[in-house]
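Have a look at the structure below, then the notes.
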Amino acid sequence: MTEYLDTPQGRRIAYRRTEGKGPGIVFLGGFKSDMQGTKALYLEDWARRQGRAFLRFDYSGHGDSSGLFEEGAIGDWFADAASVLTTLTQGPQVLVGSSMGGWISLLLARAMPQRVAGLVTIAAAPDFTEQGFWAGFDATARAELLDKGRLELPSEYGPDPYVITRRLIEDGRDHLVMGQALPLPFPVRLLQGTADEDVPVQWALDLLNHATGKDIRLTLVKDADHRFSTDACLALISDAVGEVVA
């Protein structure tokens with residue numbers, strides 16, 4: 015059953031929680047995705063069979079949560095995730111971050127490492143507003159974004175375009191993780207497909223090289239795309255979560 019959390023910022027966050035033993039697992043979805051995705055549902059079922067606590071949720075402007083997507087930014091979604099983690103879970107949790115959720119999970123790990131038991135990322139996209147969107151815009155697109163405050167990009171994942179706002183870019187710069195120390199003092203498993211057209215393999219290598227910790231491993235999967243949702247990929251995700259939990 016979907017429940018709702020009212021955050022200190024006045025946003026209403028939809029979530030679904032499965033009771034079980036700890037450390038629990040918290041799934042953090044991607045940019046413009048929701049908690050009904052294949053990976054979230056697969057992991058929920060896996061956790062239930064393990065008797066382990068599991069939580070999935072929608073950031074504001076996503077899924078069943080309040081707000082409009084194009085009014086949101088990384089700082090808002092980080093605050094949503096922080097409220098979810100501190101209010102709806104007890105003790106250290108294993109964070110599973112997909113795409114943008116990988117960035118959000120790294121922000122959580124930096125801000126409250128005592129609440130993180132381990133980290134699994136799937137095509138993690140840290141700093142993507144800067145090294146992805148802004149770096150990829152030509153002078154005309156940048157001028158339009160700065161002048162009009164928004165830019166519409168076609169999406170491969172649905173008929174609606176991605177609306178990129180000036181606020182998204184500027185707020186993203188306040189939450190970058192790749193330009194400063196990133197200690198991850200717990201087990202970390204990074205998963206990345208080599209056929210991912212949204213997150214380059216180099217980003218995964220850069221994250222592996224940049225983060226510090228005693229137990230950080232990167233798995234590259236040949237020909238896997240950004241969705242990372244084939245049966246084999248899903249099994250790799252649950253295997254990685256199981257490793258971290260153990």
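Counting the sequence shown from 1 gives a position; this note's numbering is that position plus 14.
Note that CB positions come from ideal geometry on N, CA and C, so glycine has one too.
The model shown is predicted, which means the values in this text are computed figures rather than measured ones.
Original post:
Which residue's Cα is closest to the Cα of G77: F147, G51, L232?
Top reply: For the purposes of this step, residue 77 is taken as the residue at position 63 of the sequence shown. Restricting attention to F147, G51, L232, the CA atom closest to the CA of G77 is found in G51.
Original post:
When the Cα atoms are used, what is the spatial distance from L19 to D174?
Top reply: Start at 1 with the first residue of the sequence shown, and residue 19 comes out as number 5. Start at 1 with the first residue of the sequence shown, and residue 174 comes out as number 160. Approximately 27 Å, taken between the alpha carbons.
Subject >> Cβ neighbour criterion (16 or more within 10 Å) applied to A67 >> reply: The sequence position of residue 67 within the sequence shown is 53, counting from 1. The residue is buried, with at least 16 neighbouring Cβ atoms inside 10 Å.
**OP:** Please report the residue range of the alpha helix (DSSP H) in which L198 lies.
**Re:** If you number the sequence shown from 1, residue 198 lands on position 184. First-last for L198: undefined, no H or E at that position.
**OP:** List the whole-angstrom C-beta distance separating V110 from V134, where the pair is believed to meet the contact cut-off of C-beta under 8 Å.
**Re:** As a working mapping, residue 110 is identified with position 96 in the sequence shown. As a working mapping, residue 134 is identified with position 120 in the sequence shown. 5 Å between Cβ atoms; contact.
Original post:
Given 8 Å as the limit, is there contact between the region 198–208 and the region 228–247, that is, 3 or more CB pairs closer than that?
Top reply: Segment contact: the region 198–208 against the region 228–247, three or more CB-CB distances shorter than 8 Å; contact assigned.
**OP:** Using alpha carbons as the reference points, say which of L69, P37, G105, P140 lies closest to T113.
**Re:** Counting from 1 along the sequence shown, the entry for residue 113 is found at position 99. Note that residue 113 corresponds to Ser in the displayed sequence, not to Thr. Comparing Cα positions, the closest option is P140.
Subject >> Reference M217, options L198, T226, L204, S169, closest by Cα >> reply: Translated into positions along the sequence shown, residue 217 becomes position 203. It is Trp, not Met, that sits at residue 217 in the sequence shown. Out of L198, T226, L204, S169, L204 has the C-alpha closest to the C-alpha of W217.
Original post:
So is R30 buried or exposed if we call it buried at 16+ other beta carbons inside 10 Å?
Top reply: What you label residue 30 is simply residue 16 of the sequence shown in a count that begins at 1. By the 10 Å Cβ count, R30 comes out buried.
**OP:** Leaving aside the five residues before and after G44 along the sequence, list all residues of the same chain whose C-beta is less than 6 Å from its C-beta, in chain order.
**Re:** Position 30 of the sequence shown, counting from 1, holds the residue named residue 44. So the list reads S112, S113, M114, G115, once near-sequence residues are dropped.
**OP:** Per DSSP, which residues does V40 bridge with? Please list them.
**Re:** Along the sequence shown, one-based indexing puts residue 40 at 26. When beta bridges are read from the DSSP output, V40 appears opposite L69, L109.
**OP:** Let me know the secondary structure DSSP gives R241 once reduced to three states.
**Re:** Locating residue 241 in the sequence shown gives position 227, counting from the first residue. R241: coil per DSSP, three-state reduction.
Original post:
Near A195, which residues of its chain fall below 8 Å by C-beta distance, leaving aside the five closest residues on each side in sequence?
Top reply: Within the sequence shown, numbered from 1, the residue matching residue 195 stands at position 181. Here the set comprises T226.
**OP:** Determine, using beta carbons only, whether L182 and G86 come nearer to each other than 9 Å.
**Re:** Along the sequence shown, one-based indexing puts residue 182 at 168. Along the sequence shown, one-based indexing puts residue 86 at 72. A contact, by the Cβ cut-off of 9 Å.
Original post:
If you draw a straight line from the C-alpha of V191 to the C-alpha of L219, how long is it?
Top reply: Here residue 191 refers to the residue found at position 177 of the sequence shown. Here residue 219 refers to the residue found at position 205 of the sequence shown. Computed Cα separation, rounded: 15 Å.
**OP:** Tell me the start and end of each unbroken alpha helix (DSSP H) in the region 95–143 that is at least 4 residues and wholly inside, in chain order.
**Re:** As summarised for the region 95–143, the continuous alpha helix (DSSP H) elements at least 4 residues long and confined to that stretch are 114–125, given in chain order.
**OP:** Would you mind stating whether G75 and G81 have Cβ atoms separated by less than 9 Å?
**Re:** Sequence index remark: in the sequence shown, residue 75 carries index 61 (1-based). Sequence index remark: in the sequence shown, residue 81 carries index 67 (1-based). Their beta carbons are under 9 Å apart, which means G75 touches G81 by this criterion.
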